[in-house]
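What follows is a single structure, written as structure tokens, with notes after it.
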Amino acid sequence: MELKQLNCFIEVTRTGNFTSAAQNLFITQPALSRIIKSLEDELGTPLFIRTRKKMIETDAGRILKKHALIIEKQLNLLNSELDNMLMLKKKNVRIGLPTITNSIFFSQLIASFHQEYPEITFQLEEDGSKRIEEKIVNDLLDFGVVVLSEENETLDRYLFVKEKLKLVVPSSHRLAEKQEVPLHELQNESFIMFNQEFQLRNLIISACREVGFQPIIISETSQLEFIQELVANDIGITLLPESTCLELKNDYKAINVTNPEIEWNLALIWKKDSNLSQVFDEFIRFAKVKLSTADRYHDL
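Note that numbering that gives the first Met the number 0 numbers the sequence shown so that position 34 is 33, with each residue one more than the last.
Next comes the structure, spelled out in structure tokens:
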């Protein structure tokens, strides 16, 4: 018994006639009839009762169909696993990173993964959290690092950073010598923020509204360096994550914000899919291990 015979037999049971089955199999009807006849001869029993309207399986045909479908399923699983294995040898992984994250850490993460799987290549894109989520949902990116907001049912996530936002002012600012500042004391300050594509902006605005004021935004940008320059020149203030504040120059002051503290949670996200390729599964496993053992991601 050959696989070709079983494939032809299954197709006849699915279509119920030789004409449609032959068309689906891209062979002639006489050729299909010969294949089914050879299978019946080999088994020593008819597999179909031929009527005018359709082919009806005999008892032997029903038994063969049950086992043939199991064989077909196993072959499909085999082909899928082999495809995943081959994909793991050569694959391009697309990752979205927000501007505010530490690129050095992620370059080290990718470099470590690349050492184990040198055939895998990476495409990195910088964007805001909202746009990164949209691109993953629309299959334009495979993974992303985002500031967590509301849970998206179409995405899986792995939280790996929990920080607080700090007030950043130039050394000459009136608040520069304070250890902490209640958020409501900033209601008359000029804010410099990331643009609407960044979840960080929404976190700050929501927190300000909770304590009774709408922040005065005098500038929005997608570039962290531009925000730092504007703050350094005393154009306004900003709020940034703790890890980002550690990288600031000496002419800035980072101050704790209270009442309320504003959380900044960072997560690796990817699209929910029960049939993820092996390379994606392996990257998720690798990233979780690396991220879970990190003593703050910016120190790596």
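Heads up, the beta-carbon is just placed ideally off N, CA and C, and yes, glycines get one too. Everything numeric in this text was worked out from a predicted model, so none of it was measured.
Helix, strand or coil, according to DSSP, for residue i in the structure here?
i    : result
S291 : helix
H297 : Unreliable positioning characterises H297 in this predicted model, as indicated by a pLDDT of 43, which lies under 50. The coordinate reading is nonetheless provided below. H297: helix per DSSP, three-state reduction.
V48  : As written in the sequence, residue 48 is Ile, which differs from the Val given in the question. In this structure, I48 counts as strand in the three-state DSSP scheme.
V210 : coil
F105 : helix
F285 : helix
L161 : Before going on, a small fix: residue 161 reads as Lys here, not Leu. Here K161 sits in strand by DSSP.
E115 : helix
S205 : helix
S189 : strand
E71  : helix
E184 : helix
E262 : strand
F279 : helix
L245 : coil
Q198 : helix
S148 : coil
Following the continuous beta strand (DSSP E) through residue i, name the residue where it begins and the one where it ends.
i    : result
T18  : Premise fails: T18 lies in the alpha helix (DSSP H), F17 to L24, not in any beta strand (DSSP E).
D40  : Taken as a continuous stretch (DSSP letters only), D40 belongs to no beta strand (DSSP E), being part of the alpha helix (DSSP H) at Q28 to L42.
E219 : I215 to T220
P181 : E179 to P181
E56  : M54 to E56
Check for me: the alpha helix (DSSP H) holding residue i runs from which residue to which?
i    : result
T14  : L2 to T14
A175 : From DSSP, A175 is part of no alpha helix (DSSP H); its letter is neither H nor E.
E224 : L223 to A231
I131 : S128 to V136
Rank the options by C-alpha distance to the C-alpha of residue i and give the top, closest one.
i    : options                   : result
S37  : C7, E150 and E241         : C7
Q222 : N194, L202, F121 and C207 : N194
G43  : A30, A21, I234 and A59    : A59
N201 : F282, L147 and Q186       : L147
Y251 : E176, K3 and V278         : E176
S171 : G127, D233 and E196       : D233
S218 : D272, I236, N16 and A30   : I236
T12  : T220, L31 and A231        : L31
A359 : P259, H113 and K270       : The requested residue 359 is not part of the displayed model; the chain covers only 0 to 299.
F25  : I216, E39 and E10         : E10
L140 : E246, I203, D40 and F279  : F279
Q178 : L5, T14 and A253          : A253
A231 : K248, K271 and I216       : K248
Which partner residues does residue i have in the DSSP bridge list?
i    : result
Q122 : R93
G143 : G95 and I268
L166 : L238 and I254
D155 : W269
Report yes if the C-beta of residue i is less than 7 Å from at least one heavy atom of the ligand GDP; otherwise report no.
i   : result
H66 : Although the ligand GDP was asked about, the structure shown includes no ligands whatsoever.
Original post:
On the three-pair Cβ rule with 8 Å, is the segment 252-267 touching the segment 131-141?
Top reply: Below 8 Å, too few C-beta pairs join the segment 252-267 and the segment 131-141 to call them touching: fewer than three.
**OP:** Assess, as a yes-or-no matter, whether the segment 234-249 is touched by the segment 47-57 under the definition of 3 or more beta carbon pairs within less than 8 Å.
**Re:** By the Cβ test, the segment 47-57 is not in contact with the segment 234-249, since fewer than three Cβ pairs between them sit closer than 8 Å.
Original post:
Is there contact here, the segment 274-292 with the segment 150-169, by at least three beta-carbon pairs under 8 Å?
Top reply: Under the Cβ criterion (8 Å, minimum of three pairs), the segment 274-292 counts as touching the segment 150-169.
Original post:
Do the segment 165-183 and the segment 224-239 touch if we need at least three Cβ pairs shorter than 8 Å?
Top reply: Result yes; three or more Cβ-Cβ pairs closer than 8 Å.
Original post:
Taking contact to mean at least 3 C-beta pairs separated by less than 8 Å, is the segment 174-187 in contact with the segment 208-222?
Top reply: The segment 174-187 vs the segment 208-222: in contact.
Original post:
Contact between the segment 66-79 and the segment 117-126: three or more CB pairs below 8 Å?
Top reply: Taking 8 Å as the limit for Cβ pairs, the verdict is that the segment 117-126 does not touch the segment 66-79.
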